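Down below is the structure, laid out as structure tokens.
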Ligand SMILES: *Cc1c(COP(=O)(O)O)cnc(C)c1O
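Residue numbers (the numbering used here): 350 to 780.
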């Protein structure tokens with residue numbers, strides 16, 4: 350058993366002055382009845398905690414670390430930029446370079462604005478959709494996470510036309526009432542919602558590959574269906590590609606599936622580990638933003654030179670190394686190892702992967718929406734599984750509802766070691 354005494358002490362100190370000891374709830378390890386560890390340093394695919402435990406990391410700072418931790422091109426770009434000033438509050442050339450890259454890489458984006466987080470990106474995209482259409486209601490899907498935006502923190506409610514109850518205290522019912530929450534992969538419920546409220550629906554927002562309730566996929570034709578029905582009713586289609594953008598492919602899910610949303614939210618990988626988000630789409634819609642149009646949106650640090658230097662360096666390095674092809678190779682090696690281990694352990698697992706994103710479900714049943722993901726997220730098995738992996742040097746996300754991330758820094762030997770530990774963990778939970 351590895352030692353955690355320094356982490357434990359820091360966690361106690363943190364809890365006295367930071368709510369729950371953390372600055373984002375999932376870091377608290379509550380889903381696995383554990384305590385978070387404090388990180389001393391991270392490099393490549395490895396993390397070292399303050400007690401000097403070494404871990405192979407599949408959390409990747411929750412998505413951004415696609416090259417691995419502390420990649421040299423990103424460190425150099427940030428250092429160079431910092432020497433010239435850390436923030437200006439007036440336009441800088443990085444902003445044009447980043448905007449041009451996004452417009453070139455992300456098929457549906459004609460104009461783009463930078464923000465500081467994924468939450469800001471989805472929040473602003475929703476406001477813009479409402480401003481553009483002059484409508485108030487938004488359709489979202491159960492299990493899709495779009496940051497902690499008031500009107501999007503609604504996932505509860507079964508039944509086709511449930512008008513939302515907020516998921517969090519502090520959100521007025523009246524806000525949540527503007528959100529229609531539907532099951533994913535269920536075209537009929539969307540048709541009914543448009544039949545009932547079609548003239549009031551400003552937008553449909555979704556993670557085109559949902560990755561915040563485990564990881565599952567749109568069924569054949571589902572994204573095409575959403576594209577078509579929104580178009581017919583004059584509502585906007587918003588792809589939240591904060592997690593999938595620059596991750597599953599250079600141009601995100603919209604490139605993989607060949608679907609053109611009206612607006613796209615971006616984050617995570619785009620910032621190279623610094624706080625960056627972006628939202629963009631058709632010029633006609635984006636032109637409604639202030640100062641050109643009536644939809645107000647702003648940010649003191651938006652387009653920050655350090656953050657954009659980091660993001661640009663990461664994205665250019667990915668392109669230079671043909672990163673997405675490489676990640677498919679590493680991901681596929683990881684998958685075949687895990688599948689072998691699953692076969693040896695018995696059959697009650699399901700493994701989902703797209704490129705460098707993966708999720709293991711503790712069920713043999715199909716997972717295609719929040720309900721089926723919940724059934725699969727068998728808390729008891731997961732906790733044991735997670736703890737065994739952590740104690741043996743493999744850091745998976747501390748919740749059965751999170752997606753794992755492979756980086757460019759995961760070498761074959763790291764994959765082999767991880768697969769071996771995962772195999773042992775399967776044996777462990779079977780007892
Ligand atoms: C992480 C995430 C967000 C929120 O981004 P933050 O930078 O944490 O605010 C929004 N949407 C999706 C799909 C995400 O995965």
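Even for Gly, the Cβ is constructed at its ideal location relative to N, Cα and C. Here the structure is a predicted model, which is why all the values come from computation and not from measurement.
Nonlocal neighbours in the same chain, by C-beta distance under 6 Å from residue i, ignoring five residues either side
i	result
residue 369	377
residue 472	498
residue 646	473, 638
residue 719	491, 492, 562
residue 448	461
residue 366	none
residue 714	none
residue 363	370
residue 752	560, 564, 706, 708
residue 691	698
residue 767	405, 743
Neighbourhood of residue i by C-beta distance below 8 Å, restricted to the same chain and skipping five residues each side
i	result
residue 684	700, 702, 707
residue 726	563, 710, 711, 749, 750
residue 672	415, 416, 666, 757
residue 668	599
residue 779	694, 695
residue 539	488, 531, 553, 574, 575, 578
residue 776	694
residue 722	492, 562, 563, 565, 710, 716, 750
residue 400	351, 352, 353, 354, 355, 356, 386
residue 632	459, 460
Cβ-heavy atom distance, residue i to ligand 1, below 6 Å
i	result
residue 548	no
residue 444	no
residue 767	no
residue 468	yes
residue 495	yes
residue 516	no
residue 867	As displayed, the chain neither begins before 350 nor continues past 780, which places residue 867 out of reach and without an answer.
residue 591	yes
residue 556	yes
residue 616	yes
Three-way DSSP call (helix, strand, coil) for residue i in this model
i	result
residue 649	coil
residue 778	helix
residue 656	helix
residue 502	coil
residue 414	coil
residue 599	coil
residue 760	coil
residue 455	coil
residue 768	helix
residue 745	coil
residue 525	helix
residue 544	helix
residue 711	coil
residue 751	coil
residue 391	strand
residue 671	coil
residue 472	helix
residue 549	helix
residue 530	strand
residue 554	strand
residue 716	coil
residue 564	coil
residue 605	helix
residue 577	helix
residue 731	helix
residue 689	helix
residue 739	helix
residue 628	strand
Sequence-distant residues of its chain with Cβ nearer than 7 Å to residue i (five each side left out)
i	result
residue 517	502
residue 579	553, 585, 586
residue 650	436, 465
residue 675	757
residue 642	636
residue 738	745, 770, 771, 774
residue 730	711, 778
residue 520	499, 502
Task: Segment contact flag, the segment 388 to 396 with the segment 756 to 764, C-beta cutoff 8 Å, min 3 pairs - done: yes
Task: At least 3 beta-carbon pairs within less than 8 Å: the segment 567 to 580 vs the segment 589 to 609 - done: yes
TODO: Tell me, please, whether the segment 575 to 593 touches the segment 675 to 693 by the rule of three or more beta-carbon pairs shorter than 8 Å.
DONE: No, the segment 575 to 593 does not touch the segment 675 to 693.
- [ ] Report yes or no: do three or more beta-carbon pairs, one from the segment 418 to 433 and one from the segment 761 to 768, lie closer than 8 Å?
- [x] no
Open item on the list: Can you confirm whether the segment 480 to 487 touches the segment 551 to 562 when touching is taken to mean that 3 or more C-beta pairs between the two stretches lie within less than 8 Å?
Closed with: yes
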